[in-house]
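Student: When the letters of the sequence shown are read in order and numbered with this note's numbering, they come out as residues 1 to 172. We put the beta carbon where it would ideally sit given N, CA and C, even for glycine. Submitted below is the structure of interest, expressed as structure tokens.
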Amino acid sequence: MMENICWYVVHTYSGYENKVKANIEKSIQNLHLEDQILSVEVPMQDVVEVKNGQKKNVQKKLFPGYVLLHMAMNDETWYVVRNTRGVTGFVGPESKPVPLTEEEMANLGIREPEIEVDFEVGDEVRVISGVWKDTVGQIRSMNMSKQMLTIGVDMFGRETAVEISFFDIKKL
Numbered sequence: 001m002m003e004n005i006c007w008y009v010v011h012t013y014s015g016y017e018n019k020v021k022a023n024i025e026k027s028i029q030n031l032h033l034e035d036q037i038l039s040v041e042v043p044m045q046d047v048v049e050v051k052n053g054q055k056k057n058v059q060k061k062l063f064p065g066y067v068l069l070h071m072a073m074n075d076e077t078w079y080v081v082r083n084t085r086g087v088t089g090f091v092g093p094e095s096k097p098v099p100l101t102e103e104e105m106a107n108l109g110i111r112e113p114e115i116e117v118d119f120e121v122g123d124e125v126r127v128i129s130g131v132w133k134d135t136v137g138q139i140r141s142m143n144m145s146k147q148m149l150t151i152g153v154d155m156f157g158r159e160t161a162v163e164i165s166f167f168d169i170k171k172l
């Protein structure tokens, strides 16, 4: 089943941000986690430095010692990221990962990619993976930011609402 995908922040040894990014990207490939860890970012900003009367455009890390990850949080992804060399932990109380809010991401200038779907409220869909696999239901509501939808499923003779990821359904 596809978990909600959010942005998380990991703390790294200072100066290891790009190495951590490269190591996590290598792990994503080796373990085929492309659908669970979508993006690893070291946010940069353009800065003009003046040294010895010379202007020079350079890129500086926006948050030295931190790497942002766009990922589904589960035991496997947590373990892979947490055990990457140079990572000291996730940002959050007691190292429990806390996702960044959309507002925090917007303040960083990072926006969620627009998602286009080929289904809408009222459509009949079949669940193609997870515990509800092969269940057919009608879309009752959609949450674009969470990439989730609610379908009505017939259980014991009455309709029950079930929340499913956009990636776990197929339009009939």
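Does the region 113–132 come close enough to the region 142–150 that 3 or more CB-CB pairs lie under 8 Å?
Tutor: yes
Student: Under 8 Å by Cβ, that's how I've got Pro93 and Tyr8 pegged, so tell me the actual separation to the nearest angstrom.
Tutor: For the purposes of this step, residue 93 is taken as the residue at position 93 of the sequence shown. For the purposes of this step, residue 8 is taken as the residue at position 8 of the sequence shown. Going by Cβ atoms, the distance from Pro93 to Tyr8 rounds to 14 Å, so no, they are not a contact pair.
Student: Could you tell me the boundaries of the beta strand (DSSP E) in which Tyr79 lies?
Tutor: Start at 1 with the first residue of the sequence shown, and residue 79 comes out as number 79. It is not in any beta strand (DSSP E) - Tyr79 instead sits in the alpha helix (DSSP H) that spans 75–82.
Student: Mind pulling the beta strand (DSSP E) runs of 3 or more residues that sit fully within the region 123–160?
Tutor: Whole beta strand (DSSP E) segments, 3+ residues: 124–127, 136–143, 148–155.
Student: For Phe165 and Gly86, what's the separation of their Cα atoms in angstroms?
Tutor: Stepping through the sequence shown from its first residue, residue 165 is reached at position 165. Stepping through the sequence shown from its first residue, residue 86 is reached at position 86. For the record, residue 165 in the displayed sequence is Ser; it is not Phe. One C-alpha to the other measures close to 33 Å.
Student: For Asn23 and Glu159, what's the separation of their Cα atoms in angstroms?
Tutor: Taking the first residue of the sequence shown as 1, we reach residue 23 at position 23. Taking the first residue of the sequence shown as 1, we reach residue 159 at position 159. Near 47 Å, if we compare the C-alpha coordinates of Glu159 and Asn23.
Student: Does DSSP put Val67 in a helix, in a strand, or in coil?
Tutor: Counting from one through the sequence shown, the residue named residue 67 turns up at place 67. DSSP places Val67 in strand when its eight states are reduced to three.
Student: Distance check for Val127 and Gly15, CA to CA, integer angstroms please.
Tutor: The count along the sequence shown starts at 1 and reaches residue 15 at position 15. The count along the sequence shown starts at 1 and reaches residue 127 at position 127. Near 45 Å, if we compare the C-alpha coordinates of Val127 and Gly15.
Student: With a threshold of 16 other CB atoms inside 10 Å of the CB of Thr101, please say whether the residue is buried or exposed.
Tutor: Here residue 101 refers to the residue found at position 101 of the sequence shown. It is exposed - the Cβ of Thr101 has fewer than 16 other Cβ atoms within 10 Å.
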